[in-house]
Amino acid sequence: MSDYLIETKQLTKTYGDQAAVKDVNLHVKKGRIYGLLGRNGAGKTTIMKMILGLTSITSGEVDVFGQNIKGHEKRIYPRIGAIIETPGFYPNLTGTENLEIFARLRGTAAPNAVKNALKVVGLPYKDKKLFSKYSLGMKQRLGIANAILHDPELLILDEPTNGLDPIGIAEMRDFIKHLSAERGKTILISSHILSEISLLADDIGIIDHGTLLVENTMKVLEKKNRKYILLRISDMPKAMLILEQEFHVTNFDMYDGHTLCIYDTSLDMGAVNKALVMHDVSVISSQLCNDTLEDYFKRITGGEGIA
Amino acid sequence: MLNLVQTEFLKLRRKKMIWFMLLAAFIMPFFSFVYYNYFEASGIDPVAFYKLAAFGYTPFIILPFVLGVFCVVLMHDENRYDMLKQLWIVPVSKMGYFFSKFIVVLIYSIVFMLISAVATVLFSVLPGFVAFEWQSVGFLAERCLEIGVLTAFAVMPILALAASKKGYIFPVCMTLLYVFLGFFITSISMYLHPVSSISVIIARSGNIQGLAFAQNINVPLALFCIFIWDALSVLFAAFSLRKRK
Chain A
1 MSDYLIETKQ LTKTYGDQAA VKDVNLHVKK GRIYGLLGRN GAGKTTIMKM ILGLTSITSG
61 EVDVFGQNIK GHEKRIYPRI GAIIETPGFY PNLTGTENLE IFARLRGTAA PNAVKNALKV
121 VGLPYKDKKL FSKYSLGMKQ RLGIANAILH DPELLILDEP TNGLDPIGIA EMRDFIKHLS
181 AERGKTILIS SHILSEISLL ADDIGIIDHG TLLVENTMKV LEKKNRKYIL LRISDMPKAM
241 LILEQEFHVT NFDMYDGHTL CIYDTSLDMG AVNKALVMHD VSVISSQLCN DTLEDYFKRI
301 TGGEGIA
Chain B
1 MLNLVQTEFL KLRRKKMIWF MLLAAFIMPF FSFVYYNYFE ASGIDPVAFY KLAAFGYTPF
61 IILPFVLGVF CVVLMHDENR YDMLKQLWIV PVSKMGYFFS KFIVVLIYSI VFMLISAVAT
121 VLFSVLPGFV AFEWQSVGFL AERCLEIGVL TAFAVMPILA LAASKKGYIF PVCMTLLYVF
181 LGFFITSISM YLHPVSSISV IIARSGNIQG LAFAQNINVP LALFCIFIWD ALSVLFAAFS
241 LRKRK
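Just so you know, the protein sequences line up as chains A and B, in that order. Numbering of the first sequence is given in the UniProt record's numbering, commencing with residue 1 and proceeding in unit increments. Numbering of the second sequence is given in the UniProt record's numbering, commencing with residue 1 and proceeding in unit increments.
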């Protein structure tokens, strides 16, 4: 039995010649919050739809609870709660009536399941307000209430904070954390908001243009976003030689032939500058930097930042 | 399946339009009353009144159109508000979903025709056009029940079409086309269109005067026509629902 509740292998989805998702290998561990981070249109929703069997897979495999979902829907779906895109409900019914329909379809046995689910998301039980009169935030909450109605082991939440006000977002975050920490739920959550994912996720996958660029634990990613010395110099080969021979620096990266990132911040910058100048290497700039997750995101996606 | 059908009825709460559409069951009984009242008729053959009030335009045009619109109403919200993916991950089987909708259409159709039968009796007996006889009323009720059941099967293509489309304009337009095609095609062949095949089945005993057909009455062929259309509709629904996520 695999350690992962969700595992995708070389998952690919193409529309004509265009690849929406390319060779994605995703690993969601039991009891953890996995944040799928990417810009709008990066392929997050498509991946979630493929995991749920809501869209066909061009190539690759998806295992949920160690099984391929196709052919095992009746066994696997009751263990999953999901909201994909903006959840839709019957506009002529109230929130309670909508949930009662889904509870009946699922055969939810718990007598207060609807009441409890509404309470958790902060919506009133037996309210007379019709779904058509709900605000976007209320609709989103009802979608989450529907996802947790049957107490599933796995939650797949596609941008669940869309449309929520800042207090609602904070409440939702606490609620998701509570579900994972206190009730042992495994959660796959997608967002284009980096701060959202960084505050929530235990594990993170960064997706860009359909490709999963990075998959790691949040702790490891935070370590990567460390302090470093940024040097812009005129002669890269000479500078590297000096750093290696005189300062024994091996942990550095080079960019564009004139930029060096040195990750050993204990170096005496004055001595480094002096040594470089002495060997006819012009130091254009030298500064101590502190990379954020957003900088990291920019760096690996090779483009603009994210919200 | 029972659970699915029950939830289908729950989904219809506060949809006043579907109750309003039931008023259409009174249209032909009322016009028959106006017609015979104009001629100050009395003591007429009950079947002659029933033919105009319940066996004429009602099964040919009014009921199929009302049911077509009802099918679109049943499918529209789930298509428009993108709810199908939420249903599939419950999981609700795609064909279970389709057939539960069909059963609701069937029940609605039977209720419609029973209302039409009651209205026919009221508009014929109360003004004194026909004398009340259990035998003729029983004949009316039986044929209305048959019309109710058969017309639900006859509009299955509309239900399948409504299941495949997000909007409602195209299925409603196709309902109009389908209904009038059934009406006009009867003069060419009664075994090409399910709606015209129904008229063959209800007139099978030959005691409904004035219902004239271009071909001989062949009930198995009429049933076969309905069966073929329904089988194709089920296949089409299965295909389109599989594609719709």
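No residue lacks a Cβ here, since even glycine has one placed at the ideal position from N, Cα and C. Only a predicted model underlies this, so the values are computations on that prediction, with no experimental measurement involved.
Expected contact under 8 Å - CB spacing of residue i and residue j to nearest Å
| i | j | result |
| --- | --- | --- |
| residue 90 (chain A) | residue 91 (chain B) | Not really, about 19 Å apart at Cβ, beyond 8 Å. |
| residue 163 (chain B) | residue 227 (chain B) | Wrong, their Cβ atoms sit about 19 Å apart, outside the cutoff. |
| residue 83 (chain A) | residue 144 (chain A) | 6 Å |
| residue 120 (chain B) | residue 29 (chain B) | 5 Å |
| residue 25 (chain B) | residue 116 (chain B) | 4 Å |
| residue 28 (chain A) | residue 47 (chain A) | Not confirmed; about 11 Å, so no contact. |
| residue 254 (chain B) | residue 166 (chain B) | The structure shown does not extend to residue 254 (chain B), since chain B is modelled only from 1 to 245, so the question has no answer here. |
| residue 21 (chain A) | residue 30 (chain A) | Their Cβ separation, rounded to whole angstroms, is 24 Å, which puts residue 21 (chain A) and residue 30 (chain A) out of contact at 8 Å. |
| residue 319 (chain A) | residue 93 (chain A) | There is no way to answer for residue 319 (chain A), as the model of chain A reaches only from 1 to 307. |
| residue 137 (chain A) | residue 118 (chain A) | Actually they do not touch by this definition, with Cβ atoms about 14 Å apart. |
| residue 136 (chain B) | residue 46 (chain B) | 4 Å |
| residue 281 (chain A) | residue 238 (chain A) | 5 Å |
Chain B residues whose Cβ lies nearer than 7 Å to that of residue i
| i | result |
| --- | --- |
| residue 36 (chain A) | Within 7 Å Cβ-Cβ: nothing; residue 36 (chain A) doesn't reach chain B, min ~18 Å. |
| residue 82 (chain A) | 89 |
| residue 73 (chain A) | 91 |
| residue 52 (chain A) | 89 |
| residue 125 (chain A) | Residues of chain B passing the Cβ test: none, with the nearest at roughly 17 Å. |
| residue 77 (chain A) | 89, 90 and 91 |
Beta-ladder partner(s) of residue i, from DSSP
| i | result |
| --- | --- |
| residue 67 (chain A) | A:64 |
| residue 28 (chain A) | A:6 |
| residue 216 (chain A) | A:204 |
| residue 297 (chain A) | Answer is none; residue 297 (chain A) lacks a bridge partner. |
| residue 232 (chain A) | A:259 and A:285 |
| residue 83 (chain A) | A:157 |
| residue 111 (chain B) | None, per the DSSP bridge assignment. |
| residue 19 (chain A) | A:14 |
| residue 95 (chain B) | According to DSSP, residue 95 (chain B) bridges with nothing at all. |
| residue 254 (chain A) | A:260 |
Within chain A, the residues that residue i reaches when beta carbons sit closer than 9 Å
| i | result |
| --- | --- |
| residue 83 (chain B) | 87, 88, 89 and 90 |
Contact set between residue i and chain B, taken where Cβ atoms lie within less than 8 Å
| i | result |
| --- | --- |
| residue 70 (chain A) | Here the premise fails: no neighbours, minimum Cβ distance about 12 Å. |
Given residue i as reference, the closest of the options once Cα atoms are compared
| i | options | result |
| --- | --- | --- |
| residue 115 (chain A) | A:174, A:39, A:148 and A:255 | A:148 |
| residue 74 (chain A) | B:189, B:84, B:11 and B:88 | B:88 |
| residue 228 (chain A) | A:217, A:279 and A:251 | A:251 |
| residue 52 (chain A) | A:58, A:62 and A:43 | A:62 |
| residue 20 (chain B) | B:180, B:147 and B:73 | B:73 |
| residue 126 (chain A) | A:110, A:99 and A:107 | A:99 |
| residue 88 (chain A) | A:168, A:142, A:289 and A:3 | A:142 |
| residue 225 (chain B) | B:236, B:199 and B:242 | B:199 |
| residue 10 (chain A) | A:301, A:211, A:70 and A:291 | A:211 |
| residue 203 (chain A) | A:19, A:244 and A:35 | A:35 |
| residue 131 (chain B) | B:32, B:44, B:14 and B:231 | B:44 |
| residue 18 (chain A) | A:26, A:8 and A:43 | A:43 |
| residue 64 (chain A) | A:154, A:140, A:40 and A:41 | A:154 |
| residue 293 (chain A) | A:194, A:274, A:157 and A:158 | A:194 |
| residue 229 (chain B) | B:241, B:140, B:191 and B:113 | B:191 |
| residue 102 (chain B) | B:86, B:149 and B:215 | B:149 |
| residue 23 (chain A) | A:105, A:39 and A:8 | A:8 |
| residue 169 (chain A) | A:146, A:197, A:185 and A:186 | A:197 |
| residue 112 (chain A) | A:150, A:45, A:129 and A:243 | A:150 |
| residue 236 (chain A) | A:256, A:59 and A:220 | A:256 |
| residue 128 (chain B) | B:216, B:49 and B:241 | B:49 |
| residue 62 (chain B) | B:217, B:206, B:219 and B:178 | B:178 |
| residue 176 (chain A) | A:166, A:160 and A:167 | A:160 |
Residues that residue i contacts on chain B, provided the C-beta gap is smaller than 9 Å
| i | result |
| --- | --- |
| residue 93 (chain A) | 10, 11, 13 and 14 |
Residue i beta carbon near the ligand NAP (any heavy atom closer than 7 Å)
| i | result |
| --- | --- |
| residue 299 (chain A) | With respect to the ligand NAP, the structure offers nothing, as it holds no ligand at all. |
Minimum Cβ-Cβ distance from residue i to chain E less than 8 Å
| i | result |
| --- | --- |
| residue 157 (chain A) | The chain labelled as chain E is not found among the protein chains of the depicted structure, namely A and B. |
Subject >> Cβ-based contacts, 8 Å cut-off: residues of the stretch 87-107 of chain B near chain A >> reply: Residues of the stretch 87-107 of chain B whose Cβ lies closer than 8 Å to any Cβ of chain A, in chain order: 87, 88, 89, 90, 91 and 92.
**OP:** Residues of the stretch 2-23 of chain B with a CB closer than 9 Å to any CB of chain A: list them in chain order, please.
**Re:** Correct list: 3, 4, 6, 7, 10, 11, 12, 13, 14 and 15.
Original post:
What residues in the stretch 53-85 of chain B have a beta carbon less than 7 Å from any beta carbon of chain A?
Top reply: Within the stretch 53-85 of chain B, contact with chain A at the beta-carbon level (separation under 7 Å) is assigned to 77, 81, 82, 83 and 85.
Original post:
According to a CB-to-CB cut-off of less than 8 Å, which residues of the stretch 96-109 of chain A neighbour chain B?
Top reply: Within the stretch 96-109 of chain A, the residues whose Cβ lies closer than 8 Å to some Cβ of chain B are 97, 100, 101, 102, 104, 105, 106 and 107, listed in chain order.
Subject >> Residues, ordered as in the chain, of the stretch 147-171 of chain A that lie near chain B by beta-carbon distance below 8 Å >> reply: Of all residues in the stretch 147-171 of chain A, none has a C-beta nearer than 8 Å to a C-beta of chain B.
**OP:** Give, in chain order, every residue of the stretch 205-231 of chain A whose Cβ lies closer than 9 Å to some Cβ of chain B.
**Re:** Of all residues in the stretch 205-231 of chain A, none has a Cβ within less than 9 Å of some Cβ in chain B.
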